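S.K.:
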Amino acid sequence: MGGDNVKLSLKIKTAYGIIAIADQCLYFLYGTFFLFFTTTVVGLHPGIAGAIAALGAIWDALSSAIIGFISDHTHSRFGKRRMFILCASIPVAIVTTLLFTAIQATMTMKIIYYTCMTLLFWTGYASFFIPFLAWGAELTEDYNERTRLRSFAYVGNTLGMAVGAVIPTIFVDYLMNMGRTQAQAWHGTAAMIAGCVFLSLVIGAWIIKEPGNVNGQSENEKITLNTFWQMSRDLVKGFTEILKLKSLRFVIYASILYLAANTIFVADRLYFYTYNMGLDPLSITALMAIEPFAGMVFVPILITTGKKLDKRSQYMIGMTICGMSLLILRVIGTTNFAEAAFMLVAFGLGAICYWQLMPAMIYDVCEVDELINGKQRQGTIVSLQAMSESISEAVGLILLGNMLQWAGFDGNASVQPKEALLWVENAFTLIPAVFMFLSVYMIYKYPITRKVFNKVLAAVEKQRQGEEIELEKFKKILM
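And the structure:
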């Protein structure tokens, strides 16, 4: 561990994948069901629910930046990242349950309650997600091993997607058939999912033994009131430095664009299945189950093609196929179960290209930063991916919430007006496809190929041994 250029053990990669279950479980639970729950169960207007979700996403961006910086400056016998994951496990489980609890109160109190729960939810999420993501960059510096590590993470992500996006519809329906109200069913479902999240965080973090003194830095770097101002200045300075890297800017732009597509697609699909297609809960559950496991079909394909193609090329090819599929289905229409299933398989290809390849591409920027700026700050760099998730989620949820409101969507009506159905369909096909194509263009501009990365890593290793490295040739490519 600790960034060595060696193959990771199966045990470590499996444990990393176990933690990834919590990541996607919470991400998809919120992204798929928060708008639906607050508009149809709680009774909030779509625009208000979208604004709350967007505020939470912005808060997540701020939390991610702070957590990334603090974890970079934390050195103890428990390690830099592990302690954050363990400490976040209980609070995030409690808040997840409270978030999907329907309270009896005035509309004003409901808005205040779900705003507070949303902010606490994303604080807890950032507290484990940023250290978890940074851990991947520290476990290995090998270009291909990082992709293999992300393959294990994607399997965990897939299980998390299944728990967060599929299980709720099954469990809510089951509890309601047992005589529970819709509100009680959602509360019980959230509690069950929260338990799964807690176990995945504790088990995964407990298995991976992180070195207590990474890169020879001193233990117990204390954060006090006297140093808070200086750390705040260092935080701003650090982001200013790393955002000067051309490679990081393009990969973050690509991340924001894809995740905007993902947010709109995921949040809209329950509306599309319910109102445009008129599917029953069992059919919706079956469709929800297709996407996570459809993506797993592409895991061995990515691993195999990775021997010939670098991550950049794989991403562009896979995401282009996904975007084209959505455009075709917008033209011919999605009117039956088979067409909806095909759409989810295509979307699964785009999802695995993002969740497996994007973090690995961001990991590769860590060595670029070390070469150019002479600093190791994996937590700060990967926090930008989480911040991009937050920004894109805010944009996506505001767009979707306002589109539904402008189009006349009524959460209390069983039949929606034609204008509302039209924009529900556009949000499920056309709009995500456009964002995906823009994401492909940004990765086309991203300069780190396998060949370039190997040159950077060789230079970094020489730099660590005290050799002088001429940076001018790297600046032309990476700055």
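The opening position of the sequence shown corresponds to residue 1 in UniProt numbering, with each subsequent residue numbered one higher.
The beta carbon of each residue, even a glycine, is placed where N, CA and C say it ideally should be.
Fair warning: this is a prediction, and the values are worked out from it, not measured in the lab.
#1: Counting only runs of 3+ residues fully inside the region 284-327, write out the beta strand (DSSP E) ranges in chain order.
#2: Count the other C-beta atoms from every protein chain shown that fall within 10 angstroms of the C-beta of I208, then say buried if there are 16 or more, exposed otherwise.
#3: In whole angstroms, what is the alpha-carbon distance linking L99 and T118?
#4: Say whether the region 41-61 touches the region 356-376, bearing in mind that this needs 3 or more beta-carbon pairs closer than 8 Å, one atom from each stretch.
#5: Straight-line CA distance for N177 to M83?
#6: Give the single residue among L384, L349, S414, K237 whose Cα lies nearest to the Cα of M436.
#7: Cβ atoms of Y30 and F121: under 8 Å apart, would you say?
#8: Answer with buried or exposed for P432, where buried requires no fewer than 16 other C-beta atoms within 10 angstroms of its C-beta.
#9: Relative to the C-alpha of G374, which residue among Y315, V460, V297, N336 is closest?
#10: What distance in whole Å lies between the Cβ atoms of L201 and I85, which are believed to be in contact at a cut-off of 8 Å?
#11: What are the boundary residues of the alpha helix (DSSP H) that includes W406?
#12: Where does residue 483 land, buried or exposed, given buried means 16+ other C-beta within 10 angstroms?
#13: Which word fits G216, buried or exposed, when buried means at least 16 other C-beta atoms lie within 10 angstroms of its C-beta?
#14: Measure how close the beta-carbons of L384 and L248 come, nearest whole angstrom, since I'm counting them as under 8 Å.
#15: With burial defined as no fewer than 16 other Cβ atoms inside 10 Å of the residue's Cβ, what is the status of A413: buried or exposed?
#16: Counting only the same chain and skipping the five closest in sequence on each side, list residues whose C-beta sits under 7 Å from that of A205.
#17: What is the DSSP secondary structure of S439, reduced to helix, strand or coil?
#18: Which residue wins for smallest C-alpha separation from A185, given the options T101, A51, A93?
#19: Mind checking E425: buried by the 16 CB within 10 Å criterion, or exposed?
#20: How big is the Cα-Cα spacing for M316 and Y258?
#21: Among T305, A289, L279, I352, whose alpha-carbon lies nearest the alpha-carbon of T334?
#22: Taking the alpha-carbon positions, what's the F69 to V92 distance?
#23: Considering Cα atoms alone, identify which of L149, V95, T263, N276 is closest to V415.
#24: May I ask you to report which of helix, strand or coil DSSP gives K244?
#25: Grouping DSSP H, G and I as helix and E and B as strand, with all else coil, what is M472?
#26: Under a three-way DSSP split, which group does N336 fall into?
#27: Would you mind sorting E339 into buried or exposed? The rule is 16 or more other CB atoms within 10 Å of its CB.
#28: Compare the Cα-Cα distances from G295 to each of K244, T274, F347, T305 and report the closest residue.
#29: I'd like to know if the region 128-139 and the region 364-378 are in contact, where contact means that at least 3 CB-CB pairs between them fall below 8 Å.
#30: Determine the DSSP secondary structure at I372, reduced to helix, strand or coil.
#31: Going straight from the alpha carbon of L302 to that of A341, what length do you get?
#32: Using 10 angstroms around the beta-carbon of E470, count the other beta-carbons present and answer buried if the total reaches 16, otherwise exposed.
#33: I need the boundaries of the alpha helix (DSSP H) containing Y275, first residue and last residue.
#34: Between the Cα of M361 and the Cα atoms of T123, E145, D60, which residue gives the shortest distance?
#35: Could you give the DSSP three-state label for D173: helix, strand or coil?
#36: Just checking G195 against the ligand FMN - is the residue's beta carbon closer than 7 Å to any of the ligand's heavy atoms?
M.R.: Straight from the coordinates:
#1: none
#2: buried
#3: Answer to the nearest angstrom: the Cα atoms are 7 Å apart.
#4: no
#5: 41 Å
#6: L349
#7: yes
#8: buried
#9: V460
#10: 6 Å
#11: 378-406
#12: Because residue 483 is not part of the residues shown, which for the chain are 1 to 479, the question remains open.
#13: Its pLDDT being 44, under 50, G216 is placed unreliably in this model, and the value from its coordinates should be taken loosely. The residue in question, G216, is exposed, as its Cβ has fewer than 16 Cβ neighbours within 10 Å.
#14: 7 Å
#15: A413 comes out exposed.
#16: I19, R82, I85, L86
#17: helix
#18: T101
#19: buried
#20: Across the structure, M316 and Y258 are spaced so that their CA atoms are roughly 12 Å apart.
#21: L279
#22: If I take the Cα positions, the gap works out to 20 Å.
#23: N276
#24: K244: coil per DSSP, three-state reduction.
#25: Here residue 472 is Glu; the residue named in the question, Met, does not match the sequence. E472 falls in the helix class under three-state DSSP.
#26: Per DSSP, reduced to three states, the secondary structure at N336 is coil, with no helix or strand assignment.
#27: E339 counts as exposed, since fewer than 16 other C-beta atoms from the protein chains shown sit within 10 angstroms of its C-beta.
#28: F347
#29: yes
#30: helix
#31: 21 Å
#32: exposed
#33: In the DSSP assignment, Y275 falls outside any alpha helix (DSSP H) and carries neither an H nor an E.
#34: E145
#35: Per DSSP, reduced to three states, the secondary structure at D173 is helical.
#36: In the structure shown, the ligand FMN is absent, as is every other ligand, since no ligand is present at all.
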